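Per numbering that gives the first Met the number 0: the sequence shown = residues 0 to 489.
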Amino acid sequence: MPGSIGLGLSIARPIDVVQAKRIKQEDGYVVGTLNGRQARRTLETLSDELLTRIFRHLYNSYAVENQGDRRLAEIEKIETFIPSGIIAPLGYTTLNKRIYRLTYGLWMSTMTINEDDVVQDRIMTGILTRGLKPGWPATQYITEFNGYLSSSSPRLQCTTLMFLRNLRRLTITCWSNANTSEPLPPAFLAVLPSFQHLEYLRFREFDGIKEGSPIIRLDRHLLSLRTLEIDGMGIPVEWHGSLGHLKHLTMRYKSRNEVTAHPGTGIPWTTLESLVVDVKDLWTLKLLEVEVMAAAMLETLPLKHLEFNVPYVRKADFGKLNSTLESLFFNLRKTRLASLHISHFDRLPDAMSFVLCGVKTLTIDMSEPIVDENRAARLAAFVRSFPDVRVVRIAYTHWIDHPRCLEDFVFFDDDEDMPAFDSDHTAECMSLLPPHRFAFAYPHWMSFLFALLWTEIREVRYRARLESVEMRWTREGSRAPFEAEKWHVG
0 MPGSIGLGLS IARPIDVVQA KRIKQEDGYV VGTLNGRQAR RTLETLSDEL
50 LTRIFRHLYN SYAVENQGDR RLAEIEKIET FIPSGIIAPL GYTTLNKRIY
100 RLTYGLWMST MTINEDDVVQ DRIMTGILTR GLKPGWPATQ YITEFNGYLS
150 SSSPRLQCTT LMFLRNLRRL TITCWSNANT SEPLPPAFLA VLPSFQHLEY
200 LRFREFDGIK EGSPIIRLDR HLLSLRTLEI DGMGIPVEWH GSLGHLKHLT
250 MRYKSRNEVT AHPGTGIPWT TLESLVVDVK DLWTLKLLEV EVMAAAMLET
300 LPLKHLEFNV PYVRKADFGK LNSTLESLFF NLRKTRLASL HISHFDRLPD
350 AMSFVLCGVK TLTIDMSEPI VDENRAARLA AFVRSFPDVR VVRIAYTHWI
400 DHPRCLEDFV FFDDDEDMPA FDSDHTAECM SLLPPHRFAF AYPHWMSFLF
450 ALLWTEIREV RYRARLESVE MRWTREGSRA PFEAEKWHVG
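What follows is the structure, given as structure tokens:
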């Protein structure tokens, strides 16, 4: 919702006056008038759809802000399968029968297990004992499960998961007793085909598949799966060629060793629409570039969204980074790419020369604010390399993973040059200034926006990391000036 920057106060909407004592029936609920004015709406007068949206927002907000109480609530949920009201927010479901009917399934839909073995055992035992009882329907509501598989009792845990047949989202982390990652146990792969409704699957701390595990083809055994996220080793060789039904793929490598463990990446280029890759080094980026080039030689790829980060390089490899990125952008012309997200923009070479048409939305994460003419010019030149862009999103992020041995890298010479978060360059700070003062306080932002006047860009968004507000500069058409607004983004 837009805020007000020198626009004055908004005027409340006048109350509609209707005929007194008029009563009508809407969706089975009585709505009337009081003293000639429309009666104030209550929860009872809202539609089922709106009520469900309200309580879903309440549930999600509570899950984020009250993690400790949520873990207790998960235990209560499994042991009773009745929202008792002792632990909020379960009590909200018992306001009346109608709300209970609408929200019970929502409150039961997500099951999260932390690494606490005691909590995990209680929850797993509850699922198993309840699932064995005939006519007990509670497990049918669980559509999302986030948990750990430990090496101590993987078979019991996997057997328990078989009762969650309506899962649509599944996140699994494999841990050994030594708190290290380990391969997926055969028992898990054996039960994986039972999740016929699974749409989203994520493996955290993934370390491959144990020898002797059953052979699973995801395109045959998980027909509904559309999104796969793997944190760790990457796609195992056993699954290469069986991901042709995926639309969204995310790969976050822990190190270069995880990338070089297998030949190729196994990316299903012929069907994939969204790809997120955590590029660890120049070698990983080169692998991505070569695979895009090889796949694009055969046909136009359906890829619509790509997200990757620019890796750190040594000075000796700076030319290789430049040529690899230019080749990658050149080969992306054989895709349907409409959205591009680049992290660590500050590592991009200055001398890049390319043009990539078709991209409508460009997102850039940068660790240094626009504080001089050189940075403004670099950013503007990069944006103009995408002539069809309509929306540019810029995020100022204080990256915390800069290397400590900086003397051999490109941008930083010592710890004193480490980029620090500057509160003066937040959207909140920018929004406090009227236009004429903004131009004096942020001249290089004005230079950047001026450089975009002769493009097709309609909107530029900016905010610092974790800000709940953002600055937006919008315009109706090309050549028109940009107008600034402050927006709340939640």
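Beta carbons: idealized from backbone N, C-alpha and C, even for Gly.
These numbers come from a predicted model, not from an experiment.
- Taking 8 Å as the cut-off, the Cβ atoms of Ile208 and Leu183 count as close.
- For Arg392, the enclosing beta strand (DSSP E) stretches over residues 390-395.
- About 5 Å separates the beta carbons of Arg471 and Arg460, which is inside the 8 Å limit, making them a contact pair.
- Look at Trp486 here: in three-state DSSP terms it is strand.
- Less than 8 Å divides the Cβ of Ala426 from the Cβ of Glu469.
- If you check the CB distance, Ile126 and Asn165 do not come in under 8 Å.
- Annotated three-state conformation of His424 is helix, per DSSP.
- Rounded to whole angstroms, the gap between the alpha carbons of Asp277 and Asn95 is 48 Å.
- The three-state reading of DSSP puts Tyr140 in helix, counting H, G and I together.
- For Thr249, the enclosing beta strand (DSSP E) starts and ends at 247-252.
- By DSSP's assignment, Cys173 forms a beta bridge with Leu148.
- Excluding sequence positions up to five before and after His435, its CB lies less than 6 Å from no other CB in the same chain.
- The beta carbon of Phe194 sits closer than 6 Å to those of Leu166, all from its chain and outside the five residues before and after it, given in chain order.
- The alpha-carbon of Asp371 is positioned some 33 Å away from that of Arg251.
- Around Leu320, the same chain offers Leu281, Val312, Pro348 as residues with beta carbons nearer than 7 Å, after the five sequence neighbours per side are excluded.
- Per DSSP, the continuous beta strand (DSSP E) segment holding Gly231 begins and ends at 226-231.
- Leaving aside the five residues that flank Ala189 on each side, the residues in its chain whose CB is nearer than 6 Å to its CB run, in chain order, Pro213.
- For Ile53 and Thr111, the gap between their C-alpha atoms comes out near 22 Å.
- Under the DSSP assignment, Ser338 falls in the beta strand (DSSP E) whose first and last residues are 338-342.
- By the Cβ neighbour-count rule, Phe439 is exposed, with fewer than 16 other Cβ atoms within 10 Å of its own.
- Within the segment 298-353, the complete beta strand (DSSP E) segments at least 3 residues long are 304-308, 338-342, listed from N- to C-terminus.
- Annotated three-state conformation of Phe187 is helix, per DSSP.
- Around the beta carbon of Glu48, fewer than 16 other beta carbons sit within 10 angstroms, so the residue counts as exposed.
- For Leu191, the CB contacts under 8 Å within the same chain, skipping 5 residues up- and downstream, are Ile215, His220, Leu221 in chain order.
- Cβ neighbours of Asp316 within its own chain (closer than 8 Å, five residues either side excluded): Leu281.
- When rounded, the separation of the alpha-carbon atoms in Ile229 and Tyr58 is 27 Å.
- In this structure, Leu336 and Val358 form a Cβ contact; the two beta carbons are roughly 6 Å apart against a cut-off of 8 Å.
- The three-state reading of DSSP puts Thr264 in coil, since its state is none of H, G, I, E or B.
- Straight across, the Cα-Cα distance linking Phe344 with Lys333 is about 23 Å.
- Thr454: not part of any beta strand (DSSP E); DSSP gives it neither H nor E.
- Taking the Cα positions, Leu331 is about 28 Å away from Phe202.
- Of the candidates Phe187, Glu290, Leu160, Arg346, the residue whose Cα lies closest to the Cα of Lys314 is Arg346.
- Here Thr170 has Asn145, Arg201 as same chain residues with Cβ atoms under 6 Å from its own Cβ, once five neighbours each way along the sequence are excluded.
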